[in-house]
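>
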Amino acid sequence: MNAPKTDFDAIVVGSGPGGATVARELSLQGKKVLILEWGDNKPVTGSFTYTLPRVFVPGKSLLITQEMLGMIRGITTGGSSVFYCACAFEPPVDMFKSYGVDISAEVEEIKKDVPIAPLADDLMGQGPNLFLNTATDLGYDAWKTNKFIYQDRCRPDCPVSVYGCPYGAKWNARVFVDEAVKHGAKLINHAKVERVLIEHKKAVGVEYKHDKKKHQVYAPKTIIAAGGIGSPLILRKSGMQGTGYDFFFDPLLFVYGKIKTLTSGKSIPMSACVHFPEDGIVMTDFNMPHLVKVLFDLEVFKVKQAFSYKNTLPIMIKIRDDLGGSLTKHGLVNKRLSREDRMRLDKGADHARRILEKAGATETYRGWMFAAHPGGTVKIGEQVDTNLKTRFDNLYVCDCSVMPQEWGLPPTWSILCLGKRLAKHLLALEKPAGRENIALAVSNTNDSEKPIKAAAAS
Ligand SMILES: Cc1cc2nc3c(=O)[nH]c(=O)nc-3n(C[C@H](O)[C@H](O)[C@H](O)COP(=O)(O)OP(=O)(O)OC[C@H]3O[C@@H](n4cnc5c(N)ncnc54)[C@H](O)[C@@H]3O)c2cc1C
Numbered sequence: 166m167n168a169p170k171t172d173f174d175a176i177v178v179g180s181g182p183g184g185a186t187v188a189r190e191l192s193l194q195g196k197k198v199l200i201l202e203w204g205d206n207k208p209v210t211g212s213f214t215y216t217l218p219r220v221f222v223p224g225k226s227l228l229i230t231q232e233m234l235g236m237i238r239g240i241t242t243g244g245s246s247v248f249y250c251a252c253a254f255e256p257p258v259d260m261f262k263s264y265g266v267d268i269s270a271e272v273e274e275i276k277k278d279v280p281i282a283p284l285a286d287d288l289m290g291q292g293p294n295l296f297l298n299t300a301t302d303l304g305y306d307a308w309k310t311n312k313f314i315y316q317d318r319c320r321p322d323c324p325v326s327v328y329g330c331p332y333g334a335k336w337n338a339r340v341f342v343d344e345a346v347k348h349g350a351k352l353i354n355h356a357k358v359e360r361v362l363i364e365h366k367k368a369v370g371v372e373y374k375h376d377k378k379k380h381q382v383y384a385p386k387t388i389i390a391a392g393g394i395g396s397p398l399i400l401r402k403s404g405m406q407g408t409g410y411d412f413f414f415d416p417l418l419f420v421y422g423k424i425k426t427l428t429s430g431k432s433i434p435m436s437a438c439v440h441f442p443e444d445g446i447v448m449t450d451f452n453m454p455h456l457v458k459v460l461f462d463l464e465v466f467k468v469k470q471a472f473s474y475k476n477t478l479p480i481m482i483k484i485r486d487d488l489g490g491s492l493t494k495h496g497l498v499n500k501r502l503s504r505e506d507r508m509r510l511d512k513g514a515d516h517a518r519r520i521l522e523k524a525g526a527t528e529t530y531r532g533w534m535f536a537a538h539p540g541g542t543v544k545i546g547e548q549v550d551t552n553l554k555t556r557f558d559n560l561y562v563c564d565c566s567v568m569p570q571e572w573g574l575p576p577t578w579s580i581l582c583l584g585k586r587l588a589k590h591l592l593a594l595e596k597p598a599g600r601e602n603i604a605l606a607v608s609n610t611n612d613s614e615k616p617i618k619a620a621a622a623s
């Protein structure tokens, strides 16, 4: 049976950085795109009450591992980028190249589309400055991180950015979704995609739930961008059983120091960092809203410390974890930290304590562990080829799930580049082969000849 006629050139499932970029790029080129997003599209208010239902719903946006690591993801237009810390780590171009994926051009292109720069000195809060200066004094190679922030819209000492920025200062993927919609894309919210419709080994559309009813929609191309957890679940239900295994989730913890000279606990978090690439550890300042700190303190029974906000400097330790684990069929995360992962966290915590003590901390304590960036669940070279195509024709994946290996650093810039590259590939497939397109077609042919290891198994 042939799939019914459709108004759309492409369906994009999920509107985080991966999906939003593909949707934007295709829409800017006149393609008709349908974006299906599980979450809502209410304006960001920058409050705890806004964040709670989009990030902290157990089993949906808050997933807890058997070792009680809480992993959060944003279920809303823009995905986790609405609540992220807007730290822009330069993509690992060579790592991608070693898998046959060259994103060097896209790394530069994204710089023109998205604000990327370290914070101006007057936007650096007390905590980040103390972290940066003390780490430098101790001989660490500390630097200001790049931020995805429109700094002219920013307020110094703003405590709300992790609740989503109501002033439009923090770039998030909604900016790209809005551009896509302005250029003709259709966004349907509260649309939870269940599976891809496959006919004769080709994707022809998706089935989704909206208003408690099932719907089917068709398009010549389908791009799954439901994030590191969401995408493998959809793909499994569509016949790709090998997805959702052996992934990373970038575990992290906070070490807190009480420092009497500090007079403000408010600042934009992750403004400075120290990176130990060999050890797979990154360390940053991490001031957070007071209520979040209270919750984190209570998690480790630090009741007295929960009242101390202005004089506390939290430092975040994030590590590159070993690949492992599996997702259950309900999307729960089954992954334990390895002995090496725990050693990395301990080593990072020792560095943080050293900095806090040098900065004058009279008391330090360690918080519980979290995980932040689930990915590698639909890896390049295993379940998708170098053009992010699955073993089914017309079915692509573009989000953190395609990361080919563990990296240990915040991945948004990399995901944006993959989105741009995929859109270029899809557009090139449509054009008659002119000189320029022949060149692209040749490089794509080489790419797509690479084997998809797990496809055979799934
Ligand atoms: C607290 C926090 C801080 C972070 N800080 C940083 C940072 O500073 N820098 C950085 O680079 N990264 C950071 N990250 C990570 C970054 O936000 C994510 O890596 C990035 O958003 C992943 O993009 P994505 O497109 O893969 O998926 P997501 O952002 O997860 O988007 C997936 C989208 O798909 C939707 N979806 C899921 N399932 C379905 C379905 N079945 N049907 C329809 N839609 C569906 C979701 O609602 C969501 O909108 C942070 C993450 C968190 C949680």
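According to this note's numbering, the stretch in the sequence shown is residues 166 to 623, in order.
Don't be surprised by glycine CBs; every beta carbon is placed ideally from N, CA and C.
For Ile580, report the span of its alpha helix (DSSP H) as first-last.
Bounds of the alpha helix (DSSP H) holding Ile580 are Thr577 to Glu595.
> Restricting to Cα atoms, I'd like to know which of Arg507, Arg360, Leu400 and Tyr530 is closest to Lys469.
Tyr530
> Give the DSSP-derived three-state secondary structure of Ala303 in the structure shown.
It is worth fixing the name first, because residue 303 is Leu in this sequence and not Ala. Reduced to three states, the DSSP call for Leu303 is coil.
> Run the CB neighbour count on Asp376, radius 10 Å, all protein chains shown included, and call it buried at 16 or more, exposed below.
exposed
> Within the region 410-479, note down every full beta strand (DSSP E) run reaching 3 residues or more, in order along the chain.
410-412, 416-423, 437-441 and 446-450
> Who are the near neighbours of Ala334 in its chain, counting only those whose CB is closer than 6 Å to its CB and skipping five residues on each side?
Ile314, Tyr315, Arg318 and Cys319
> Could you please give the first and the last residue of the uninterrupted beta strand (DSSP E) stretch that includes Met534?
Counting along the chain, the beta strand (DSSP E) containing Met534 begins and ends at Glu528 to Ala536.
> Going by DSSP in three states, Val382 sits in which element: helix, strand or coil?
strand
> At which residues does the alpha helix (DSSP H) containing Glu190 begin and terminate?
Pro182 to Leu193
> Between Ala471 and ligand 1, is there a pair consisting of the residue's CB and a ligand heavy atom that are separated by less than 7 Å?
no
> Would you report the Cα separation of Phe173 and Asn499, rounded to the nearest angstrom?
37 Å
> With a cut-off of 8 Å on the beta carbons, I'd call Gly430 and Asn452 a contact; round off their distance for me.
6 Å
> Here's the rule I'm using: 16 or more other beta-carbon atoms within 10 Å means buried, otherwise exposed. How should Gly532 be labelled?
buried
> Counting only the same chain and skipping the five closest in sequence on each side, list residues whose C-beta sits under 7 Å from that of Ser432.
Gly290, Gln291, Gly292, Pro293, Asp322 and Asn452
> Looking only at C-alpha atoms, which of Asp444, Met448, Phe535 and Met508 sits nearest to Val465?
Phe535
> Nearest CA to the CA of Phe472: which residue from Asn311, Gly244, Phe461 and Asp343?
Phe461
> Under the criterion of a Cβ to heavy atom distance below 7 Å, does Tyr328 qualify as lining ligand 1?
no
> Beta strand (DSSP E) containing Met113: first to last residue?
Since the displayed the chain opens at 166 and closes at 623, residue 113 lies outside it and no answer follows.
> In chain order, which beta strand (DSSP E) runs of at least 3 residues are fully inside the region 224-299?
227-229 and 235-237
> Taking C-beta to C-beta, are Leu303 and Lys523 nearer than 8 Å?
yes
> Report the partner residues of Lys374 according to the DSSP bridge assignment.
Lys357 and Lys379
> Between the alpha carbons of Arg164 and Thr171, how many angstroms are there, rounded?
This structure gives no information on residue 164, because the portion of the chain shown stretches from 166 to 623.
> Only counting the same chain, and skipping five residues up and downstream in sequence, which positions put a Cβ closer than 7 Å to that of Ser155?
Here the chain covers residues 166 to 623 and nothing more, so residue 155 does not appear.
> Identify whether Ser491 lies in helix, strand or coil by the three-state DSSP scheme.
The answer is strand: DSSP assigns Ser491 an E or B state.
> Enumerate in chain order the residues of its own chain whose CB-to-CB distance from Ala185 is below 6 Å, with the five nearest sequence positions on each side excluded.
Ala338, Phe341 and Val342
> State the DSSP-derived secondary structure class of Glu571, mapped to helix, strand or coil.
coil
> I'd like the span of the beta strand (DSSP E) that includes Ala175, first residue to last.
Ala175 to Val178
> Grouping DSSP H, G and I as helix and E and B as strand, with all else coil, what is Ala524?
coil
> What separation, rounded to the nearest whole angstrom, lies between the Cα atoms of Pro182 and Glu443?
Rounded to whole angstroms, Pro182 to Glu443 spans 28 Å at the Cα level.
> Could you give the first and the last residue of the continuous alpha helix (DSSP H) run that contains Val346?
Looking at the DSSP string, the run of the alpha helix (DSSP H) that includes Val346 is Arg339 to Lys347.
> Does the region 379-386 come within contact of the region 224-243, defined as at least 3 CB pairs closer than 8 Å?
no
> Look at the alpha carbon of Ser226 and the alpha carbon of Pro208, and state the distance between them as a whole number of angstroms.
Note on geometry: alpha-carbon atoms of Ser226 and Pro208 lie some 19 Å from one another.
> So Leu352 packs on Glu202, CB below 8 Å; how close in whole Å?
6 Å between Cβ atoms; contact.
> What residue does the beta strand (DSSP E) around Tyr561 start on, and which one ends it?
Leu560 to Val562
> Indicate the three-state DSSP secondary structure (helix, strand or coil) for Glu601 in the structure shown.
Confidence is the limiting factor: at Glu601 the pLDDT is only 45, short of 50, which leaves the residue's position unreliable, though a coordinate-based value still follows. Residue state, collapsed to three classes: helix.
> Under the three-state reduction of DSSP, which class applies to Gly540: helix, strand or coil?
strand
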